[in-house]
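Number of protein chains: 4
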Amino acid sequence: MAGSSYGNIFQITTWGESHGAALGVVVDGCPAGLPLTAEDIQIYLNRRKPGQTRISTPRKEADQVEILSGVFADRTTGTPISMMVRNTSQHSSDYSEIANYYRPGHADYTFDAKYGFRDYRGGGRSSGRETTGRVAAGAVAARLLAEFGITLTAYTKSIGPIVIDMDKFDRDAILSTPTCMPDPDASIQAEAFLADCMRSYDSAGGVIECAVDGVPAGLGDPVFEKLDANLAKAVMSIGAVKAVEIGDGTAVASRHGSGNNDAFYMQDGQVVKRTNHAGGILGGISDGSQILLRAYVKPTPSIFSPQETVNKQGENIEVSIKGRHDPIIVPRAVVVVEAMAALTIADALLMNAGAKLEHLKKIYDR
Amino acid sequence: MAGSSYGNIFQITTWGESHGAALGVVVDGCPAGLPLTAEDIQIYLNRRKPGQTRISTPRKEADQVEILSGVFADRTTGTPISMMVRNTSQHSSDYSEIANYYRPGHADYTFDAKYGFRDYRGGGRSSGRETTGRVAAGAVAARLLAEFGITLTAYTKSIGPIVIDMDKFDRDAILSTPTCMPDPDASIQAEAFLADCMRSYDSAGGVIECAVDGVPAGLGDPVFEKLDANLAKAVMSIGAVKAVEIGDGTAVASRHGSGNNDAFYMQDGQVVKRTNHAGGILGGISDGSQILLRAYVKPTPSIFSPQETVNKQGENIEVSIKGRHDPIIVPRAVVVVEAMAALTIADALLMNAGAKLEHLKKIYDR
Amino acid sequence: MAGSSYGNIFQITTWGESHGAALGVVVDGCPAGLPLTAEDIQIYLNRRKPGQTRISTPRKEADQVEILSGVFADRTTGTPISMMVRNTSQHSSDYSEIANYYRPGHADYTFDAKYGFRDYRGGGRSSGRETTGRVAAGAVAARLLAEFGITLTAYTKSIGPIVIDMDKFDRDAILSTPTCMPDPDASIQAEAFLADCMRSYDSAGGVIECAVDGVPAGLGDPVFEKLDANLAKAVMSIGAVKAVEIGDGTAVASRHGSGNNDAFYMQDGQVVKRTNHAGGILGGISDGSQILLRAYVKPTPSIFSPQETVNKQGENIEVSIKGRHDPIIVPRAVVVVEAMAALTIADALLMNAGAKLEHLKKIYDR
Amino acid sequence: MAGSSYGNIFQITTWGESHGAALGVVVDGCPAGLPLTAEDIQIYLNRRKPGQTRISTPRKEADQVEILSGVFADRTTGTPISMMVRNTSQHSSDYSEIANYYRPGHADYTFDAKYGFRDYRGGGRSSGRETTGRVAAGAVAARLLAEFGITLTAYTKSIGPIVIDMDKFDRDAILSTPTCMPDPDASIQAEAFLADCMRSYDSAGGVIECAVDGVPAGLGDPVFEKLDANLAKAVMSIGAVKAVEIGDGTAVASRHGSGNNDAFYMQDGQVVKRTNHAGGILGGISDGSQILLRAYVKPTPSIFSPQETVNKQGENIEVSIKGRHDPIIVPRAVVVVEAMAALTIADALLMNAGAKLEHLKKIYDR
């Protein structure tokens, strides 16, 4: 319980450090009989791969996934699915100097406080490369959800001051723009903004939004395992995320009830809602509308301008971070948000299977 | 795993419905030897009790706690602490009509979708009374944290458009104002604002802030069990919370790295920070500074003005909610946020006990 | 995680001490819609009640169960079912002297070693009364299993040297004999044997067997959550049990494979087995045959003859136990074994619901 | 939660099939700062390697472990330790015929019943090769326990009718005899017995005993997480084990209390026991004496003589198993029992860290 597992029934355990031999994940609890190939995983991993654009680190990693167990004849067997990606482009020497001091905004100091020492190379376990396992597992979860018509769409909503225009929403642009913005015009502006950041040896933050469509009403539990509570944890567990919103989020705090309640009405024999301020979740349980969440991501803490800090000897020093760093975390974190949402909803889908006697009667009908 | 348990080592299980016989909680995993009396619990429960002010429901409940197990000679024994509060003022007849329709903004519809039927009386398990068990358990957690010099302070930061002035911060006012605002002037304005809401048969939302002081560096884990991830879940699991922020929260997304990193320096032989944008957590692990979080709470969904909805027969209807309802959830949720934060940090304290060999050597030194 | 919870999805948490205010259990994860009344629980509790026969303690407890939550209109709601039994006949003064020394064969010493002190009254949490919560929860599990045609039958197989004759098996006798033996003749002999034990201030051990019929093939998981592994834990977690067997148990170790394998054949279109040495479980998964297990129970450690021990001051002393003690644990533990088996199989039934895509398709078919 | 994880704080997740690409384990929750090398693991893995003696399968596997994460500069970092062994000697063609029928005594039928299909090659996940991950993880646990002076000694107690003579106990013989018997004379007899079995195309069962020395009093919890309950689960989760005993085990059922209680007395200021019928555990908590347990192992179900069974088409057929099979499971399972015991006790050691306030005060003393 050092905390590298996530999920109750659809349960994953990730492992690996930035500059270790490899990174990976074990997915336990995926139902048997799901069609699954390495290609299904690779498509997701490619979306978080470094070295693809001007605004991402020049570190090049193939991040080629190997499925080591749990899949037979291109279907899941119900046993643990172990997946691994080898690290191939570690430049550990870049990091030898950070062994001795604490980078501001990073986990160097807290790791030392907790464990007494740390694998300092590239941030070790606190590196963004840790998300490799999450994304591989998220791809399996998304594949499962697809069987039930549930789809996820995460994208960059804003970078610094540049916000997308939802009226120009272009789904394809999420994968084709370097910013993962679904609005190509905004993306061009954001790239210019980021070029400025880099010129001034600085970095930027932004917002990621994720929509989940097709979720049946009834997923999530009433108290601690609320679907929104688990989504909040899932997303806040991604390094650099400092706030999470569900539906209208922070905006609800300044509203009246009359302007925040979503009216129900009947449409084609279904209970639907006139608005979706709630973001698809009522009382912790999905209501059948679109689930919508947002993650607020801090600027990359590794900046090249000089900063004040301390070293392990307890001396005040000034440092300038070196190495390969993205000026922004957001674009590569988009698929991580999508993966974490997929994992959370897949788990809720499985947890709900035993929620009522009627479900079990369908399964164990003899 | 219907989700009524919270925590990994310091683990609680709550139970009870708004109009059932009683509500309660079992706290398992509290260390033996902690001084604890019913009075320690009652002080917390009194802070969430209904029927105390003009802006809370007229339902009167003594909410007198009974400790049924796990405490002997005023100390915890290490075995489960079972605590219970009897319901005494149920007016179930008030709710008989909602048995048949779905209140907007409530969990009526989603409960029916999930379970096939529901205890509709007073919202059943989705009522705010569900938090009774959380608060009782949170009082135990807070008592444990006090042994280590860790203190929690939650308060109302804003109600509708009224925001407290931090320069006027008065800790005592949290307990003495009906709004739980630490700024008596703001509180008076907020009361006037709420009186307006009630006159127009409407309700309001607001923001709760919680500060945790004295947390040692090293609590929380690096990946899924990040301290901020667990705080986010803890707080988002409280009904009506729609957004959670850690430290500067949403604001970080529009910043540059140079303006968001907290510089380290040495003070009295300790590593400290010049600023605390991070809210006391780096890489999911406490850094020794104050932990700061905020919960954004939606307006009470039960409003007395007419609303559109559907009934169980699938007919579109118009309803006006009756019963006893607060015009705002925030003041009574303040202690719930504090309780959930206390539970999360107590659990992290225990989880961290086995984080390094050095800790175990201190315990098992023979 | 002080270990008072059991089960993964059908999850229970017990609480309470022998001489505290009450004992109880919270059942979380029971599917909604299950018909359930207090009477269903009481029938089970009555089977473990003290004070019923000459061979059980004269302590009289009504053990009247109160269902405090989770049941509405005589059906489970899917939310936690909290059940409680008040202690009414504590004679705490009987135990005041054991506060100061360690009874041989009891947990007095180990509790002090672990927690630093203990609720010594009647053994506190280590008393047989702790099983009250297990039995109440087991009654719910058994009620759930009954919906699927799964039935459990536990009984006393032997007491000291007296073993039942399976050819005389009389199911009704389990409930009508004071020994819970399904063989009335053996029961009479066992009573005489126990009377001798009591006359010589001594106690006796015995064996409990439990058969589970109607379990569909497919329950249990292949590695750590094997159905037999969980049954072993469930049964070994009952105080005084020192060995557990599945199917032919210890006998298999001296067999050849040819004499231990169960041949499969077809019968009425079903795969069945010629023999059942395996006790209904292959590779940790139920095979559709009867599940059979045995628990070996030690003699009551509280005996009235003098024994050597030490006190808290570290002095060697001699003691003669006083108080109210059964000369044998077995008969009252029979229903506890049945309850633990029911809980384990109910949990396996729920865990298996998500084992294959085909199951989920039946539930989420739209 | 397909059940491939074990442990509460010291938590492992195993993965891999007999004829897949690799097998492995992720150990999460191991304290930071523990000295650990691949050699520490390899020593354990070598003890379960196939192809070493006449009485084990001719399948040759290097079973060379690769540590992929969680260890830096030969010490554990507190992050997940991922370990892997490549499969190199799969002869999958040997198994193609069993794709279509159910081997008696194996999990073929139950896997199909549960998952709808299976990786039939070499038994897939139900193969004895699944224990590779357990043993690698057990080596880490044993390394941790060694820091606290806790040592484990597992060995073969009997094979068929041949039982070791405890008076001839020779610890070195465990590693040097092909039977893992600590009595070389008995080992020679057992080898002759097994040669007979092989000649008659049959197999044999036996008993494994495991002693754990140096366990401090206080490990284990009072109710469901009893140390003996967890040991029972741990050992029963090993394929082919059908009974588990703690201390005197089944023998206690026919004893009187006066002959089964272990008297306490003082020795060098310590509370010790005159006898150890209890096997070092009272009320689920270690008492400071040697912990002793036994596993009863069934004969290898794969035998070369003809057997009756059914195929997937539901036809009665007769089969003779082919392939590479040990005539006995016991010797190679000895290290697996030791590993599972080590994992269980390491977990109990960590769980106990938070059992009393006094422990935490030692850690968080500021």
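So the protein lines, in turn, are chains A, B, C and D. For the first sequence, my numbering puts the final residue at 1286, and the numbers step up evenly by one. For the second sequence, my numbering puts the final residue at 1286, and the numbers step up evenly by one. For the third sequence, my numbering puts the final residue at 1286, and the numbers step up evenly by one. For the fourth sequence, my numbering puts the final residue at 1286, and the numbers step up evenly by one. Think of the CB as a built atom: it goes at the ideal place given N, C-alpha and C, for glycine as much as any other residue. Note that the structure is predicted; figures quoted are calculated from it, not measured.
With its beta carbon less than 8 Å from one in chain C, Leu954 (chain A) belongs to the interface. At the C-beta level, Asp983 (chain A) and Leu965 (chain A) come within 8 Å of one another. Taking C-beta atoms as the reference points, Ile1283 (chain A) and His1176 (chain C) fail to come closer than 8 Å. Within a 10 Å sphere around the beta-carbon of Ser1209 (chain B) sit 16 or more other beta-carbons, which makes this residue buried. Of all alpha-carbon atoms in C:Leu1095, C:Met1004 and C:Val1132, the one lying nearest the alpha-carbon of Ala941 (chain B) is that of C:Met1004. Taking Pro1102 (chain C) as the centre and dropping the five residues before and after it, the same chain places the C-beta of Tyr1075, Ile1084, Phe1089, Asp1090, Arg1091, Ala1093 and Ile1094 closer than 7 Å to its C-beta, in chain order.
Using a 10 angstroms sphere on the CB of Asn1007 (chain A), the tally of other CB atoms reaches 16 or more, which defines it as buried. Between Ala1261 (chain B) and Leu1213 (chain B), the C-beta gap is smaller than 8 Å, which places the two residues in contact.
Here Ile1241 (chain B) has Arg1023, Ser1222, Ile1223 and Phe1224 as same chain residues with Cβ atoms under 7 Å from its own Cβ, once five neighbours each way along the sequence are excluded. In the three-state reduction of the DSSP assignment, Met1003 (chain C) falls in the strand class. Within the same chain, Arg1038 come within 6 Å of Phe1031 (chain A) by CB-CB distance, once the 5 residues on both sides are set aside.
Nearest Cα to Ile929 (chain B) within the set B:Ala1215, B:Lys1281, B:Leu1270 and B:Ala1275: B:Leu1270.
Taking a contact to require three or more Cβ pairs closer than 8 Å, the region 948-963 of chain C and the region 1060-1079 of chain C qualify as touching. In the structure shown, Asn1196 (chain C) adopts coil according to DSSP, grouped into three states.
In chain order, Gly1125, Lys1162, Ala1163, Tyr1216, Val1217, Lys1218 and Pro1219 make up the part of chain B whose C-beta sits under 8 Å from the C-beta of Val1172 (chain A).
For Phe1184 (chain A), the chain B residues whose C-beta falls within less than 8 Å of its own C-beta are Tyr1022, Pro1024, Tyr1029, Glu1228, Thr1229 and Val1230, listed in chain order.
When the beta-carbon positions are compared, Thr1073 (chain C) and Ala1131 (chain C) come within less than 8 Å of each other. Within the region 1107-1165 of chain C, the alpha helix (DSSP H) runs of at least 4 residues that lie entirely inside it are, in chain order, 1147-1156.
Contact fails between the region 1223-1239 of chain A and the region 1045-1054 of chain B, because fewer than three Cβ pairs, one in each stretch, are under 8 Å apart.
Residue-level contact by beta carbon holds for Thr999 (chain D) and chain B, with a gap shorter than 8 Å. Look at the region 1054-1081 of chain C: the residues with a C-beta under 7 Å from a C-beta of chain A are Glu1067 and Phe1068.
Scanning its chain for C-beta atoms nearer than 6 Å, with the 5 sequence neighbours on each side dropped, one finds around Ser1107 (chain C) the residues Thr1097, Thr1099 and Met1101, in chain order. Contact of Leu943 (chain B) with chain D is not assigned, every C-beta pair being separated by 8 Å or more.
At a cut-off of 8 Å between beta-carbon atoms, Glu1278 (chain A) makes contact with chain C. In the structure shown, the three-state DSSP call for Leu1202 (chain D) is strand.
In this structure the region 1163-1183 of chain B does not lie against the region 1110-1121 of chain B, because fewer than three pairs of beta carbons, one per stretch, are closer than 8 Å. If you ignore the 5 residues before and after Ile1201 (chain B), its C-beta comes within less than 7 Å of the C-beta of Gly1140, Leu1147, Asp1148, Ile1166, Asp1207 and Ile1211, all in its own chain and listed in chain order. Close CB contacts of Gln972 (chain D) within its chain, under the 8 Å cut and outside five residues either way in sequence, are with Pro1098 (chain order). In the displayed model, Thr1170 (chain A) falls within a helix according to three-state DSSP. Excluding five sequence positions before and after Ala958 (chain B), the CB atoms of its chain that fall closer than 8 Å to its own CB belong to Val985, Glu986 and Ile987, given in chain order.
In terms of beta-carbon proximity, Glu1017 (chain A) stays away from the interface with chain B, with every pair separated by 8 Å or more. Using a Cβ-Cβ cut-off of 8 Å, Leu1270 (chain B) does not count as an interface residue toward chain A, since no Cβ of chain A sits closer than that to its own. For Phe992 (chain B), the closest of C:Gly1043, C:Ser925 and C:Ala1273 by C-alpha to C-alpha distance is C:Gly1043. A residue is called buried once 16 or more other Cβ atoms fall within 10 Å of its Cβ, and Asp1028 (chain A) is buried on that count. The C-beta separation of Ile1128 (chain A) from Ala1253 (chain A) comes to about 6 Å, placing the pair in contact by the 8 Å criterion.
Residues of chain D with a Cβ closer than 7 Å to the Cβ of Phe992 (chain A) are, in chain order, Asp1039.
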